[in-house]
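Visitor:
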Amino acid sequence: MDRLADRFARRTRLGTIITSWRVHAFTDHWSLLLGQIVVASFVVCALTGAFLTFFYDPSVAPVVYDGPYGPLQGVEMSRAYESTLEISLEVRGGLLMRQLHRWSANLMIAALLLHILRVFFTGEFRRPRVKNWLMLFGVLFAGMGAGLTGALLPDDMLSGSSLAVLDGLLKSVPVVGTRLSGLVFQGQFPSGAIATFYPVHVFVLPGVIAVLIAVYALLSARGGPARPEPGRGSQGAVRRRPTASATKRGGLFLIVFGSLTLMAALVTVNPIWDYGPADPGNTSAGAGALWYLAFLDGAQKLVPPGWEFVWMGGTWILALLVPVAVSGLYLVTAMLYPFIERWITGDRREHHGHTRPRNAPTRTAIGVAGIIFYGVLWAAAGSDTIALQFGVAFEGIVLALQITLLLGPVLGFVLTKRMCIALQRKDRELVLHGHETGRVVRTSTGEYVEVHRPLDPYERWRLVDYEVDEALTLEPDATGHVRWRTRVRVRLSQWFYRDRIPPVTPTELLAARDRAAPHGADAAERSVLEDSR
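Anchor point for the sequence shown: position 36 equals 35 in numbering that gives the first Met the number 0, and the numbering is continuous, going up by one each time.
#1: Bridge partners of proline 538, per DSSP?
#2: Quick one: which unbroken alpha helix (DSSP H) runs of 4-plus residues sit fully inside the stretch 488 to 518? Chain order, please.
#3: Buried or exposed, going by whether 16 or more other CB atoms sit within 10 Å of the CB of glutamate 435?
#4: In the DSSP output, what is methionine 76 paired with across the bridge?
#5: So, for serine 326: in the same chain, excluding its five sequence neighbours on each side, which residues have a beta-carbon less than 8 Å away from its beta-carbon?
#6: Going by CA-CA distance only, name the one from Leu111, Ala150, Leu422 that's closest to methionine 134.
#7: Return yes when the Cβ of leucine 218 is within less than 7 Å of the Cβ of glutamine 35, no when it is not.
#8: Apart from the five residues on each side of it in sequence, which residues of its chain come closer than 8 Å, Cβ to Cβ, to aspartate 513?
#9: Are there three or more Cβ pairs, one per stretch, closer than 8 Å when the stretch 134 to 148 is compared with the stretch 198 to 213?
#10: Work out the CA separation of glycine 390 and serine 382 for me, nearest whole Å.
#11: If we ignore side chains and look at the alpha-carbon of each, how far apart do leucine 46 and threonine 246 end up?
#12: With a CB to CB cut of under 7 Å and the five nearest residues on each side skipped, what residues in its chain are close to leucine 429?
#13: Any contact of the stretch 175 to 193 with the stretch 95 to 103, i.e. 3+ C-beta pairs under 8 Å?
#14: Measuring straight from C-alpha to C-alpha, what distance separates threonine 177 and proline 205?
#15: Going by C-alpha to C-alpha distance, which of Pro356, Leu406, Ile370 sits closest to glutamine 423?
#16: Quick check on histidine 200: does DSSP put it in helix, strand or coil?
#17: According to DSSP, simplified to helix, strand and coil, what is glycine 352?
#18: Write down the C-beta distance between glycine 345 and serine 492 rounded to the nearest angstrom, noting that I regard them as a contact closer than 8 Å.
#19: Does the stretch 62 to 76 touch the stretch 267 to 276, meaning 3 or more C-beta pairs lie closer than 8 Å?
#20: If you drop the 5 nearest sequence neighbours on each side, which residues of the same chain put their C-beta closer than 6 Å to that of proline 544?
#21: Note down the Cα distance separating alanine 399 from proline 502, rounded to an integer number of angstroms.
#22: Threshold first: 3 residues or longer. Then list the beta strand (DSSP E) segments lying entirely within the stretch 309 to 371, N to C.
#23: Identify whether glycine 437 lies in helix, strand or coil by the three-state DSSP scheme.
#24: Just to confirm before moving on: does the CB-CB distance between proline 57 and proline 189 stay below 7 Å?
#25: Starting from the Cα of isoleucine 193, find the closest Cα among Tyr80, Met334, Gly445, Gln401 and give me that residue.
#26: Do you know whose CA, among Asn131, Ile86, Val43, Met107, lies nearest leucine 335's CA?
#27: For the beta strand (DSSP E) that contains arginine 97, what are its first and last residues?
#28: Within this structure, are the beta carbons of threonine 121 and threonine 354 separated by less than 7 Å?
#29: Thinking C-alpha only, which one of Trp460, Ala216, Gly191, Thr332 is nearest leucine 508?
#30: Can you give me the start and stop residues for the alpha helix (DSSP H) that tyrosine 457 sits inside?
#31: What is the rounded straight-line gap between the Cα of cysteine 44 and the Cα of glutamate 474?
#32: How long is the line joining the alpha carbons of histidine 114 and phenylalanine 393, rounded to whole angstroms?
#33: Can you pull the DSSP bridge partners for arginine 452?
#34: Considering Cα atoms alone, identify which of Ala288, Ala39, Ala318 is closest to leucine 301.
#35: Kindly indicate which three-state DSSP category glutamate 307 falls into: helix, strand or coil?
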């Protein structure tokens, strides 16, 4: 029996896999829990979605409602909307499952956005984890698509309004707009939407998300976890037993599942019985896009009216094309940022540690500017609701948001970079002189010197342990000429590293101590250290 087991292990490499898993490095830093929340939310969303498919009927056949909800008695509606009402009001636990499905999808996108921001601001997207960054954006795009297609399936008034907006966007595309609309709606607006989006939402996009998450996990396992802070072992990871790591992940899943269940049981989301069935001739007051897609709606509201012209026998509606193009360019730029920064800096090394945001001031400032840009577009989506609730003119809200969209990212970039540089200078001051103690002593020469408590070795290491890269320099090519592309790259590299504060070197630290020694500072520091003991 033992011989058969050994032979099976050798042929299947099972023993090698188990051994590598036992010695695998697991990290326990709190910031990495965001990715695990994404996975847990996706699992809950997939399980609840599978439950809903047993009761949902993707049919647009007209029926007359004869269910328990009185206000809709005798109202003509589609079979899809009726089946959704049955899930909510007649199936035991159906409403809980619907709301759990919706809340888990929202939590997944929210945790994923926070995870992407953490990866960006810590510089974890650099080599060898560029593919991980692309996988994250793949999950984000697929999740947004799944949320959009799922929101259209109930065939209520809110989803009908979204379909009208989608149809208008598709038809605004020059030359091929009508064909695109016919392809999406199968030549029947709006009834053809469910036949198109149901298989995409139920089978295609969940499969894509599952594959991308699996690939991301495989890449993370091969590359090893990044180092959250200095002095944390091999690449900053903590070697634990697989059982301990699995226990922590299982506990986190139960916490996420319990929290989502509590939210689904107590907080109503998407009450379709209040909206009524879809009607192409009407729209819901205050209707808007999903919160994570609201920036697309906000971009359209900030475009000045009258942006259109006639060319080549067709009307080019820039008021629709420009917002979509700008929003798409924003997302594509964010996805390709690792390649853009690598081209600017020329840094092709592997990085296995996190960078404190203050130690990469330009990158941090770019991230804040991007957040402000997204936030203004997101706020613009609710500009009509803001104007109604606060009793101000809608035009004034739009004008203020237009100005903020242009000036906000610039001001955010400048202020963030100044703050990062100021924090770097503060760290440099701490390393050179230590913490202020508030004690003033008199030296033998009669001078009064404030006593500073020196940093412990680990704290000092944490403040100086970051890389200092140099900007690119102009170098002629083989023909002796400097190309314009090289000039642009060097200018951008100099701009990226401008005003950066280098860490304190050992020579500078010794020089600072030597300057403080004649004034009796060292003796005072020793007395403070003795008192602290």
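Cβ atoms here follow ideal geometry from the backbone N, Cα and C, with glycine treated the same way.
Guide: According to the structure data:
#1: Since the first and last residues shown for the chain are 0 and 532, residue 538 lies out of range.
#2: Counting only runs of 4 or more, we get 505 to 515.
#3: exposed
#4: In the DSSP output, where bridge partners are listed per residue, methionine 76 has Val62.
#5: Phe294, Leu295, Ala298, Leu376
#6: Minimum Cα distance to methionine 134 is reached at Leu111.
#7: No, they are not a contact pair.
#8: none
#9: The stretch 134 to 148 vs the stretch 198 to 213: in contact.
#10: Distance between the alpha carbons of serine 382 and glycine 390: 12 Å.
#11: 21 Å
#12: Leu454, Leu462
#13: no
#14: Those two C-alpha atoms are separated by around 29 Å.
#15: Pro356
#16: helix
#17: strand
#18: With 8 Å as the limit, glycine 345 and serine 492 qualify as a contact, their Cβ atoms being about 7 Å apart.
#19: yes
#20: Absent from the structure is residue 544, since the part of the chain shown begins at 0 and ends at 532.
#21: 41 Å
#22: 313 to 316
#23: It is a strand residue.
#24: no
#25: Tyr80
#26: Asn131
#27: Not the beta strand (DSSP E): arginine 97 falls in the alpha helix (DSSP H), residues 93 to 120.
#28: yes
#29: Trp460
#30: 456 to 463
#31: 54 Å
#32: 35 Å
#33: His434
#34: Ala318
#35: strand
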